[in-house]
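Novice: First, the structure itself, so that you have it in front of you.
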Amino acid sequence: MEYLGYIASIGIGISLGLIGGGGSILTVPVLVYLFHIDPLLATSYSLFIVGATSAVGAVPYFKNNLVDFQTALYFGLPSIITVFLTRLFVIEAIPAHLFQLGSFEVTKNMGIMLLFAILMLFASYKMIRGNNVEGKPKNSSILPLIIQGAGVGFISGLVGAGGGFLIIPALIIFNQMPMKRAVGTSLLIIAANSLFGFLGKLDFHLINWTFLLSLSSIAIIGILIGSKLSQRIDGKKLKPAFGWFVLLMGIVVIIQEISK
Numbered sequence: 005m006e007y008l009g010y011i012a013s014i015g016i017g018i019s020l021g022l023i024g025g026g027g028s029i030l031t032v033p034v035l036v037y038l039f040h041i042d043p044l045l046a047t048s049y050s051l052f053i054v055g056a057t058s059a060v061g062a063v064p065y066f067k068n069n070l071v072d073f074q075t076a077l078y079f080g081l082p083s084i085i086t087v088f089l090t091r092l093f094v095i096e097a098i099p100a101h102l103f104q105l106g107s108f109e110v111t112k113n114m115g116i117m118l119l120f121a122i123l124m125l126f127a128s129y130k131m132i133r134g135n136n137v138e139g140k141p142k143n144s145s146i147l148p149l150i151i152q153g154a155g156v157g158f159i160s161g162l163v164g165a166g167g168g169f170l171i172i173p174a175l176i177i178f179n180q181m182p183m184k185r186a187v188g189t190s191l192l193i194i195a196a197n198s199l200f201g202f203l204g205k206l207d208f209h210l211i212n213w214t215f216l217l218s219l220s221s222i223a224i225i226g227i228l229i230g231s232k233l234s235q236r237i238d239g240k241k242l243k244p245a246f247g248w249f250v251l252l253m254g255i256v257v258i259i260q261e262i263s264k
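Count along the sequence shown starting at 1, add 4, and that's the number in the working numbering.
Okay, here's the thing in structure tokens:
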């Protein structure tokens, strides 16, 4: 099954390059179910992979002046603080055994995966439904960006997702940002968010750096391909199809966890 994981890693990178988010939400399921990595460790791996991949993917957008650094600061700074604190304190505070219903026991690892599956269902809905808000007359406001940045940081820290599916709509709605500029800015925010989150709970003795760097390199190749394809393909048109795939994967994760 591992070879499927490497193929999926390319797909994760391509989706990040094309639509600025969405692909990262598959990273944890790929690590857990195809590489058989512990869910909690998988969230750390995911943050590193997504962070490194997004950092490389943001470079072409930066060169084309498609990164809004001021907005990235307003959104990214509270997000970075929240994701770091979540990894450092909240994850540690979650008990190994959450609760039990009869013979059905919900553990910390199962809880993380079920929460992740719910997040996948929400993300798929956002992608399938689309965000037809670009260009609509709304007043730009810093406060909503700060609040949503903090919220995305908490989610990223808890489940190891980049949060691009939340970041891009926020940038478009609250800052009237064109889609391509929102993607470039989103990649910068995801990179900072994810890498700081990774540092928030860094256990060197548990990390297989050879595996992590090789998987990140494959995902980086994917995002470079995705960035090239984005010049010819409208990422917005691919979102609904990718959303249906994420929906299916979310359902699979739920079935997989409750049938254990």
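Ideal Cβ placement from N, Cα and C applies to all residues, glycine included.
Would you kindly work out how many angstroms separate the C-alpha atoms of L326 and I16, rounded to a whole number?
Specialist: Past the boundaries of the shown model lies residue 326; the chain is included only from 5 to 264, so the question cannot be answered.
Novice: If we require 4 or more residues per run, which alpha helix (DSSP H) segments fall completely within the segment 32 to 99?
Specialist: 43 to 67 and 73 to 89
Novice: Where does Q235 land, buried or exposed, given buried means 16+ other C-beta within 10 angstroms?
Specialist: exposed
Novice: Taking only beta-carbon positions, decide if T90 is within less than 9 Å of chain C.
Specialist: Absent from the structure is chain C; it holds one protein chain and no more.
Novice: With DSSP collapsed to three states, give me the class of Y7.
Specialist: helix
Novice: Enumerate in chain order the residues of its own chain whose CB-to-CB distance from A154 is below 6 Å, with the five nearest sequence positions on each side excluded.
Specialist: P82 and T86
Novice: Look at the Cβ atom of G226, then the Cβ atom of I23, and state whether they are nearer than 9 Å.
Specialist: no
Novice: Pairs of beta-carbons, one from the segment 121 to 136 and one from the segment 93 to 104, closer than 8 Å: are there three or more?
Specialist: no
Novice: Give me the Cα-Cα distance between G201 and P33, rounded to the nearest whole angstrom.
Specialist: Here the alpha carbons of P33 and G201 stand approximately 18 Å from one another.
Novice: Using DSSP with H/G/I as helix, E/B as strand and the rest coil, what is Q270?
Specialist: Because residue 270 is not part of the residues shown, which for the chain are 5 to 264, the question remains open.
Novice: Could you give the C-beta distance for L30 and I116, rounded to a whole number, given that I count them as a contact under 8 Å?
Specialist: About 15 Å separates the two Cβ atoms, so there is no contact after all.
Novice: Tell me, please, whether the segment 204 to 213 touches the segment 61 to 73 by the rule of three or more beta-carbon pairs shorter than 8 Å.
Specialist: no
Novice: Taking 8 Å as the limit between beta carbons, can you name the residues of its chain near I159, skipping five residues before and five after?
Specialist: L123, A165, G167 and L170
Novice: Where are the alpha helix (DSSP H) runs, 4 residues long or more, that stay fully inside the segment 188 to 246, in chain order?
Specialist: 213 to 233
Novice: In chain order, what residues of the same chain have a beta carbon less than 8 Å from the beta carbon of I229, not counting five sequence neighbours either side?
Specialist: I14, G17, I18 and G21
Novice: Based on Cα-Cα distance, which residue from L162, N212 and G188 lies nearest to T90?
Specialist: Distance from the Cα of T90 is smallest, within the candidate group L162, N212 and G188, for L162.
Novice: To the nearest whole angstrom, what separates the beta carbons of G80 and A196, a pair I think is in contact under 8 Å?
Specialist: 5 Å
Novice: To the nearest angstrom, report how far apart L8 and L219 are at their CA atoms.
Specialist: 12 Å
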